[in-house]
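Working notes for the structure below.
Chains as they are written, first to last, in my numbering: chain P, 163 to 485; chain Y, 324 to 573.
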């Protein structure tokens with residue numbers, strides 16, 4: 163990891179009797195995109211709010227660009243751009259006015275119009291804030307966080323409320339911003355977003371870091387194992403094929419859909435299954451090996467009590483399970 | 324400086340995009356003055372008790388009251404609700420993550436509101452001269468000094484509201500519950516000369532009552548209203564640090 167620009171050690175924060183953050187530690191290297199994942203109420207927002215000086219930690223140590231977010235707040239605000247989850251703008255301010263205003267707070271701002279264009283707001287410059295859609299307001303908030311050319315950008319719920327096209331535009335922009343050397347801390351509950359953008363992720367649950375690493379590394383560590391979907395050239399063989407596969411030691415679970423078999427099992431499942439079918443004279447077609455995703459890892463780590471991203475393909479109605 | 328200039332211009336545009344602000348800040352004093360002068364019977368006649376043929380008319384006496392009302396209208400109805408709304412919508416919190424200091428927003432808002440007030444007062448004075456041919460103040464320096472001190476004092480009252488209110492609605496409630504009693508003590512409904520001795524004494528220590536009485540003395544009298552000027556200075560000295568201390572971003 164490059165030299166850390168954000169260091170959080172043993173962070174603790176409570177609101178009254180509620181312990182929002184119990185024990186959070188992580189580091190972010192310059193030019194990295196760090197994702198902070200976790201279910202609702204896990205302490206993600208509280209954590210990033212202490213990074214930006216909006217909240218005072220009860221315990222632990224936080225350094226951002228070597229600065230103490232409380233003591234050196236003025237300096238920090240010049241060098242860190244923040245997009246909050248719930249910060250609005252005056253209803254009648256136009257996009258261009260907001261960009262010019264926030265640019266004026268900085269000595270060497272970015273070109274607000276260029277930023278707006280990169281976020282798909284190029285034709286909305288004269289539109290008032292209240293007339294923007296939720297997604298457009300969100301993109302404007304991102305532009306305002308970046309207009310001061312920050313060294314670090316903290317983005318809370320980056321693409322919540324955006325349609326798929328807008329999300330891709332935002333992701334592309336964030337990737338470009340990172341390529342220009344900006345360090346980015348991204349709070350998200352979208353696993354596909356974290357997989358696509360983040361160099362590393364920290365998973366927070368109940369105020370604690372429960373896992374951290376690269377998205378691929380976390381996914382590989384998930385114990386769900388290999389998943390294999392296949393069809394047979396002769397649909398009539400489906401039941402017999404499923405019975406045959408269920409007998410293999412590599413297979414732990416078999417389900418049959420209307421026209422496909424779904425297998426779970428060990429990493430060497432694929433070869434064993436294809437060979438067994440071949441020996442029995444059945445030809446597997448449409449073989450689809452699914453690698454474990456960050457989402458699987460997340461579910462394993464924190465349980466499944468959160469909004470989910472859509473499955474890559476709809477699961478077929480299963481008529482039978484393991485025997 | 325660049326930030327403050329851009330912020331002030333932006334806040335001025337936003338101010339003028341609210342029709343209620345434009346009406347109450349710029350036009351209300353004139354509308355009230357002209358309306359009362361033309362529609363209330365007897366306002367343009369010399370006050371009955373006066374024996375002097377050049378005696379003051381009701382409308383002459385009402386002009387300083389309208390000026391006091393103009394100050395209170397801006398300080399209490401247009402100034403604090405902006406802060407309530409900004410706090411409610413997280414705009415203050417949003418701004419607190421930028422290098423902008425809280426004081427800059429306050430300076431910009433004061434500049435915009437005072438600018439609007441001055442424009443509104445000029446319009447009212449032009450109307451007063453053009454429509455009713457009101458007399459010029461006998462002590463213009465005292466009138467100007469009272470007006471300036473009155474503005475600072477009333478913005479301090481409004482500033483205390485602005486520092487504390489969590490929402491635009493709360494700002495309106497707090498402001499209105501100060502605004503209407505203050506208008507009463509300033510003589511908007513009962514002219515100060517018709518108030519009882521006790522009421523007039525209370526009025527002298529109420530922020531806007533002191534403004535109204537001091538303006539009236541400056542316009543028509545020859546004395547220096549030391550009590551009223553002292554009252555205004557005292558409110559200012561107490562309220563400005565209090566508002567600054569209590570100001571919250573969230």
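All residues carry an ideal CB built from backbone N, CA and C; glycine is no exception.
Closer than 8 Å at the beta carbon, the chain Y residues around residue i
i             : result
residue 267/P : 326, 421, 422 and 423
residue 189/P : Within 8 Å Cβ-Cβ: nothing; residue 189/P doesn't reach chain Y, min ~22 Å.
residue 259/P : 333 and 336
residue 240/P : 422
Local conformation of residue i per DSSP, three classes
i             : result
residue 452/P : strand
residue 187/P : strand
residue 455/Y : helix
residue 286/P : helix
residue 359/P : helix
residue 170/P : strand
residue 477/P : Per-residue confidence for residue 477/P stands at a pLDDT of 39, beneath the threshold of 50, marking its modelled position as unreliable; no derived number is given.
residue 445/Y : helix
residue 441/P : helix
residue 329/Y : helix
residue 471/P : Unreliable placement is indicated for residue 471/P, whose pLDDT of 41 sits below 50; the coordinate value is still reported in the next sentence. Three-state DSSP puts residue 471/P in coil, outside helix and strand.
residue 204/P : coil
residue 334/Y : helix
residue 220/P : coil
residue 243/P : strand
residue 303/P : helix
residue 317/P : strand
residue 554/Y : helix
Cβ pair residue i, residue j closer than 8 Å
i             : j             : result
residue 404/Y : residue 491/Y : yes
residue 237/P : residue 246/P : no
residue 231/P : residue 215/P : yes
residue 258/P : residue 311/P : no
residue 304/Y : residue 479/Y : Residue 304/Y lies beyond the range of chain Y shown here (324 to 573); nothing can be said about it.
residue 543/Y : residue 379/Y : yes
residue 509/Y : residue 534/Y : yes
residue 541/Y : residue 469/Y : yes
residue 198/P : residue 309/P : no
residue 573/Y : residue 410/Y : yes
residue 165/P : residue 369/P : no
residue 344/P : residue 366/P : no
residue 321/P : residue 355/P : yes
residue 422/Y : residue 240/P : yes
residue 205/P : residue 190/P : no
residue 286/P : residue 300/P : no
residue 430/P : residue 412/P : yes
residue 442/Y : residue 566/Y : no
residue 360/Y : residue 466/Y : no
residue 360/P : residue 463/P : no
residue 316/P : residue 347/P : yes
residue 457/Y : residue 368/Y : no
residue 318/P : residue 349/P : yes
residue 536/Y : residue 559/Y : no
residue 292/P : residue 256/P : no
residue 357/P : residue 281/P : no
residue 438/P : residue 392/P : no
residue 252/P : residue 415/Y : no
Beta-carbon separation (whole angstroms), residue i vs residue j, contact threshold 8 Å
i             : j             : result
residue 260/P : residue 277/P : About 11 Å separates the two Cβ atoms, so there is no contact after all.
residue 394/P : residue 425/P : Actually they are not in contact, since the Cβ atoms of residue 394/P and residue 425/P sit about 13 Å apart, beyond 8 Å.
residue 147/P : residue 353/P : For residue 147/P there is no data in the structure shown, the boundaries of chain P being 163 and 485.
residue 265/P : residue 274/P : 5 Å
residue 434/Y : residue 506/Y : Residue 434/Y to residue 506/Y, Cβ: 25 Å. No contact.
Chain-ordered chain Y contacts of residue i [CB-CB under 9 Å]
i             : result
residue 206/P : Residues of chain Y passing the Cβ test: none, with the nearest at roughly 17 Å.
Residue i: contacting residues in chain P (beta-carbon distance under 8 Å)
i             : result
residue 337/Y : 252, 254 and 255
residue 571/Y : What residue 571/Y touches in chain P: nothing, since even the nearest Cβ is about 13 Å away.
residue 413/Y : 246, 248, 249 and 250
residue 310/Y : Residue 310/Y falls outside the range modelled here, since chain Y spans only 324 to 573, and no answer is possible.
residue 340/Y : 254
Residues that residue i contacts on chain Y, provided the C-beta gap is smaller than 7 Å
i             : result
residue 352/P : By Cβ distance, chain Y contributes nothing, its closest Cβ being about 22 Å from residue 352/P, past 7 Å.
residue 214/P : 420
Contact set between residue i and chain P, taken where Cβ atoms lie within less than 7 Å
i             : result
residue 329/Y : 262, 263 and 266
residue 380/Y : Here the premise fails: no neighbours, minimum Cβ distance about 42 Å.
Chain-ordered chain P contacts of residue i [CB-CB under 9 Å]
i             : result
residue 416/Y : 216, 246, 248 and 249
Can you list, in chain order, the residues of the region 244-257 of chain P whose Cβ is nearer than 7 Å to any Cβ on chain B? Absent from the structure: chain B. Protein chains present are P and Y.
Determine which residues of the region 363-387 of chain P have a Cβ less than 7 Å from any Cβ of chain Y, and write them out in chain order. Under the 7 Å Cβ criterion, the region 363-387 of chain P contributes no residue.
Contacting positions in the region 501-531 of chain Y - beta carbon closer than 7 Å to chain P: Answer set for the region 501-531 of chain Y: empty.
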